[in-house]
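Asker:
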DNA sequence: AACAGCGTTTCAACAGTCGAAACCCGGAGG
DNA sequence: CCTCCGGGTTTCGACTGTTGAAACGCTGTT
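Protein chains in written order, with my numbering: chain L, -12 to 257; chain B, -12 to 257.
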């Protein structure tokens, strides 16, 4: 299909990748989004051949990363992925520390509480606690969102390295709703605003009728390593509510940062 | 280490395995047990070369399955593994259904509650809820235990296909404690006992001074797909306590089975 | 009875992978 | 200040494991 052979040119990126492993990784992620898919479907979804998909699945099954269904026609994630996830959660100071914070955020705001980290030019939801209310926004760990839209994601962008900000600003800004930021000038103003306010309120930038409030999470180096936020339907998120939520979220984010070893700097900003 | 090259002989097992993917899988599992390890350590631990390990890590990092530490000298599981684990948990009816059962088991018994599935000739802990008491057995999702020793594991063995039972009985029975079953005759008697009692009590077979009670979990086909159990220090697990716990565990296992679609057969056993 | 669609198997050619060894770099020791 | 040491990174070419295509058999459908 593609031929990324430019080893010596600008991006030495894939000089060391083991293609089969990368394909297997993609296959796993695809399978996570298409439970109970068959070989053919997965082959199509990942853009490879049936044979390869079959062999990758075979290999992954052997290692417990994938499970064949009883009637042997469909595949699902295997129990070993649970193990990885669990160990990962235990080992990650960020996630382990954030979990109780998410819980108390939900208690206080009664809305979904989420934690995002940056992965390249996307934000990845790595932890989440759902609102107890029946009307709530569907969210899931693993959700990938472009950095230029949404609350937590824009926070991540606001504090991301310049290269990343440039890359995002340069790239096309796909529009999900009429409110999605679509020009880099207003985006960069929004980012500046986030840095001075210390939080963000984003309304309907990804999905209409949803609103999110988010604030940065820092580690001992002072760098922003995650964004903590809540989201809910605009119907409930009146100005008064979001103003209160902003304080709650900021204080939760500061608490989390402190638990991660961050100490407020002398000038409050770098 | 080994050289499984017998493609055409008895076991056509690894005819389809993609070696690099298998190695990557092993690497991930190794990393789960050796957080913050470096390239050299991991290479040694997985029995491969530095170059290969480096490239696998590079590839996995690219896909978010591993993360390099700030100073770029150590590796950890990445956030994408969280995603897989989370999706896997949501998608697995067994795990999703078992979680509340584990919770109520802990409430009732005040001991660790665990769920095991069989993976080859080992039992794998796939879900767990810890005892609220300070003195408790250390347990973790991902723990692999041979089927011939321990509570939940022996339950799995008791209902495993004949080939598996034969393989385990044939293989060497490594002794972890003086109580570890060590001859296949008494093991097979113990399994028979489990099948007629519908539960098992295992004392100190893996670790001294620990005791576990477990019972089988069935799905709609009537097959045993998991074992549910509790474990705790023998100091607390007196006969009276374990007798009560046996009933609690059996009823929890039956409830879980029912939730999974199992219906008690006319004769109660097949 | 023929078909369609799926997962599985085979095969040979070739691209990709891999081990070995050189390389770089930071820190410890002389 | 230089050397050494032990990590991680990079290079290289031979070889082998990997791959796409196409055939196969099975199951459920028309």
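In this text, a Cβ means the ideal position worked out from N, Cα and C, and glycines have one as well.
(1) Which residue wins for smallest C-alpha separation from residue 58 of chain B, given the options B:166, B:23, B:138?
(2) Counting C-beta neighbours from all protein chains within 10 Å, is the total for residue -7 of chain L 16 or more, i.e. buried, or is it exposed?
(3) Under 6 Å Cβ to Cβ from residue 95 of chain L, same chain only, skipping five residues before and after it: list those, please.
(4) In chain order, what residues of the same chain lie with their CB nearer than 8 Å to the CB of residue 47 of chain B, ignoring the 5 residues before and after it?
(5) Let me make sure I understand the geometry here. Which of B:191, B:245, B:240 has the alpha-carbon closest to that of residue 219 of chain B?
(6) What residue range does the alpha helix (DSSP H) around residue 181 of chain L cover?
(7) For residue 215 of chain L, which of L:241, L:161, L:173 has the nearest alpha-carbon?
(8) Closer than 9 Å between beta carbons: that is the criterion. Which residues of the region 58 to 78 of chain L meet it against chain B?
(9) Contact defined as beta carbons within less than 8 Å: I believe residue 89 of chain L pairs with residue 102 of chain L. What is the distance between those atoms, to the nearest angstrom?
(10) Let me know the secondary structure DSSP gives residue 199 of chain L once reduced to three states.
(11) What does DSSP give as the partner residues of residue 220 of chain B in its beta bridges?
(12) How close, in whole Å, do the beta carbons of residue 127 of chain L and residue 143 of chain L come, if the pair is a contact with beta carbons under 8 Å?
(13) By DSSP, does residue 68 of chain L sit in helix, in strand, or in coil?
(14) DSSP state of residue 41 of chain B, grouped into three classes?
(15) In the region 104 to 136 of chain B, which residues sit with their C-beta less than 8 Å from some C-beta in chain L, listed in chain order?
(16) To which residues of the same chain is residue 136 of chain B closer than 7 Å at the C-beta, ignoring the five residues directly before and after it?
(17) For my contact list, residue 120 of chain L and residue 19 of chain B are in at a C-beta cut-off of 8 Å; report their separation, rounded to the angstrom.
(18) Provide the residue span of the beta strand (DSSP E) that contains residue 133 of chain B, from first to last.
(19) Indicate the three-state DSSP secondary structure (helix, strand or coil) for residue 53 of chain B in the structure shown.
(20) As a quick exercise: from L:56, L:217, L:175, pick the residue whose alpha carbon is nearest that of residue 92 of chain L.
(21) Take the Cβ of residue 2 of chain L as the centre, count every other Cβ of all protein chains shown within 10 Å, and call the residue buried at 16 or more, exposed below.
(22) Which residue from L:196, L:207, L:233 puts its Cα closest to that of residue 221 of chain L?
(23) Check whether the Cβ of residue -2 of chain B lies closer than 8 Å to any Cβ atom in chain L.
(24) Beta-carbon of residue 99 of chain L versus every beta-carbon of chain B: anything under 8 Å?
(25) Going by the beta-carbon positions, is the gap between residue 211 of chain L and residue 146 of chain L smaller than 8 Å?
(26) For residue 213 of chain L, which residues from the same chain have a beta carbon less than 7 Å from its beta carbon, with the 5 sequence-adjacent residues on both sides left out?
(27) Would you say residue 181 of chain L lies against chain B (beta-carbon separation less than 8 Å)?
(28) Rank B:85, B:109, B:153, B:158 by C-alpha distance to the C-alpha of residue 138 of chain B and give the top, closest one.
(29) Using the Cα positions of residue 86 of chain L and residue 202 of chain L, report the straight-line distance between them to the nearest angstrom.
(30) For residue 9 of chain B, which residues in chain L fall below 8 Å Cβ to Cβ?
(31) Unbroken alpha helix (DSSP H) runs of length 4 or more, entirely within the region 58 to 144 of chain B: which are they?
(32) Work out the CA separation of residue 111 of chain B and residue 83 of chain B for me, nearest whole Å.
(33) Look at the Cβ atom of residue 67 of chain L, then the Cβ atom of residue 99 of chain L, and state whether they are nearer than 8 Å.
(34) Taking only beta carbons into account, state which residues of the region 32 to 43 of chain L come closer than 8 Å to chain B, listed in chain order.
(35) Quick one, which of L:238, L:117, L:157, L:125 has its alpha-carbon nearest residue 134 of chain L's?
Answerer: Considering the structure as presented:
(1) In the second chain, counting from the first residue as 1, residue 58 of chain B sits at position 71. Ranking B:166, B:23, B:138 by Cα distance to residue 58 of chain B puts B:23 first.
(2) In the first chain, counting from the first residue as 1, residue -7 of chain L sits at position 6. Note that residue -7 of chain L has pLDDT 33, beneath the 50 cutoff, so the model's placement of it is unreliable and the number below is only indicative. With fewer than 16 Cβ atoms within 10 Å of its Cβ, residue -7 of chain L is classed as exposed.
(3) For the purposes of this step, residue 95 of chain L is taken as residue 108 along the first chain, with counting starting at 1. Cβ neighbours of residue 95 of chain L beyond the five flanking positions: 235.
(4) To locate residue 47 of chain B, count along the second chain from 1; it is residue 60. Only 11, 14, 15, 53, 65 meet the Cβ criterion.
(5) Walking along the second chain from the start, residue 219 of chain B turns up at place 232. Looking at the Cα atoms, B:191 is the closest of the given residues.
(6) As a position in the first chain, residue 181 of chain L is number 194, starting the count at 1. For residue 181 of chain L, the enclosing alpha helix (DSSP H) has its first and last residue at 171 to 184.
(7) Taking the first chain and counting its residues from 1, one reaches residue 215 of chain L at position 228. Comparing Cα positions, the closest option is L:241.
(8) 63, 64, 65, 66, 67, 68, 69, 70, 71, 72, 73, 74, 75, 76, 77, 78
(9) By 1-based counting over the first chain, the position of residue 89 of chain L is 102. By 1-based counting over the first chain, the position of residue 102 of chain L is 115. In this structure residue 89 of chain L is in contact with residue 102 of chain L, their Cβ atoms being roughly 6 Å apart against a cut-off of 8 Å.
(10) Taking the first residue of the first chain as position 1, residue 199 of chain L is located at position 212. DSSP places residue 199 of chain L in strand when its eight states are reduced to three.
(11) In the second chain, residue 220 of chain B corresponds to position 233, counting from 1. Its beta-bridge partners are B:197.
(12) Reading the first chain from its first residue, position 140 is the one you call residue 127 of chain L. Reading the first chain from its first residue, position 156 is the one you call residue 143 of chain L. Their Cβ separation, rounded to whole angstroms, is 18 Å, which puts residue 127 of chain L and residue 143 of chain L out of contact at 8 Å.
(13) Residue mapping note: residue 68 of chain L aligns to position 81 of the first chain, counting from 1. Looking at residue 68 of chain L - three-state DSSP - the assignment turns out to be helix.
(14) Position 54 of the second chain, counting from 1, holds the residue named residue 41 of chain B. Helix.
(15) 104, 106, 111, 113, 114, 127, 128, 129
(16) Locating residue 136 of chain B in the second chain gives position 149, counting from the first residue. Counting only Cβ-Cβ distances below 7 Å, and skipping sequence neighbours, we find 163, 167, 168, 192, 193.
(17) Translated into positions along the first chain, residue 120 of chain L becomes position 133. Translated into positions along the second chain, residue 19 of chain B becomes position 32. The Cβ separation is near 36 Å, so there is no contact.
(18) Position 146 of the second chain, counting from 1, holds the residue named residue 133 of chain B. Under the DSSP assignment, residue 133 of chain B falls in the beta strand (DSSP E) whose first and last residues are 131 to 133.
(19) Here residue 53 of chain B is taken as the residue at index 66 of the second chain, counted from 1. Under the three-state reduction of DSSP output, residue 53 of chain B falls in the strand class.
(20) Numbered from its first residue, the first chain carries residue 92 of chain L at position 105. Check the Cα spacing between residue 92 of chain L and each of L:56, L:217, L:175: the tightest is with L:217.
(21) Against the first chain, residue 2 of chain L aligns to sequence position 15. Classification for residue 2 of chain L: exposed.
(22) Start at 1 with the first residue of the first chain, and residue 221 of chain L comes out as number 234. Per the Cα distances, L:196.
(23) As a position in the second chain, residue -2 of chain B is number 11, starting the count at 1. Confidence at residue -2 of chain B is low in this model, with a pLDDT of 44, below 50, so its placement is unreliable and the value that follows should be read with caution. Chain L contact via Cβ: absent.
(24) By one-based count along the first chain, residue 99 of chain L stands at place 112. It does not; no Cβ of chain B falls within 8 Å.
(25) Numbered from its first residue, the first chain carries residue 211 of chain L at position 224. Numbered from its first residue, the first chain carries residue 146 of chain L at position 159. By the CB criterion at 8 Å, residue 211 of chain L and residue 146 of chain L fall inside the cutoff.
(26) For the purposes of this step, residue 213 of chain L is taken as residue 226 along the first chain, with counting starting at 1. The answer, listed in chain order, is 81, 102, 103, 104, 204.
(27) If you number the first chain from 1, residue 181 of chain L lands on position 194. No, because no Cβ of chain B sits closer than 8 Å to the Cβ of residue 181 of chain L.
(28) The count along the second chain starts at 1 and reaches residue 138 of chain B at position 151. Selected option, being the one with the closest Cα: B:109.
(29) Sequence index remark: in the first chain, residue 86 of chain L carries index 99 (1-based). Sequence index remark: in the first chain, residue 202 of chain L carries index 215 (1-based). In a straight line, the C-alpha of residue 86 of chain L is about 16 Å away from that of residue 202 of chain L.
(30) On the second chain, position 22 is the one that residue 9 of chain B refers to. Neighbours of residue 9 of chain B on chain L, chain order: 46, 49, 50.
(31) 66 to 78, 80 to 96
(32) In the second chain, residue 83 of chain B corresponds to position 96, counting from 1. In the second chain, residue 111 of chain B corresponds to position 124, counting from 1. Roughly 17 Å between the two C-alpha positions.
(33) Locating residue 67 of chain L in the first chain gives position 80, where the first residue counts as 1. Locating residue 99 of chain L in the first chain gives position 112, where the first residue counts as 1. Going by C-beta atoms, residue 67 of chain L is not nearer than 8 Å to residue 99 of chain L.
(34) Cβ contacts with chain B: 41, 42, 43.
(35) On the first chain, residue 134 of chain L is found 147 positions in, with the first residue counted as 1. Ranking the options by Cα distance to residue 134 of chain L, first place goes to L:157.
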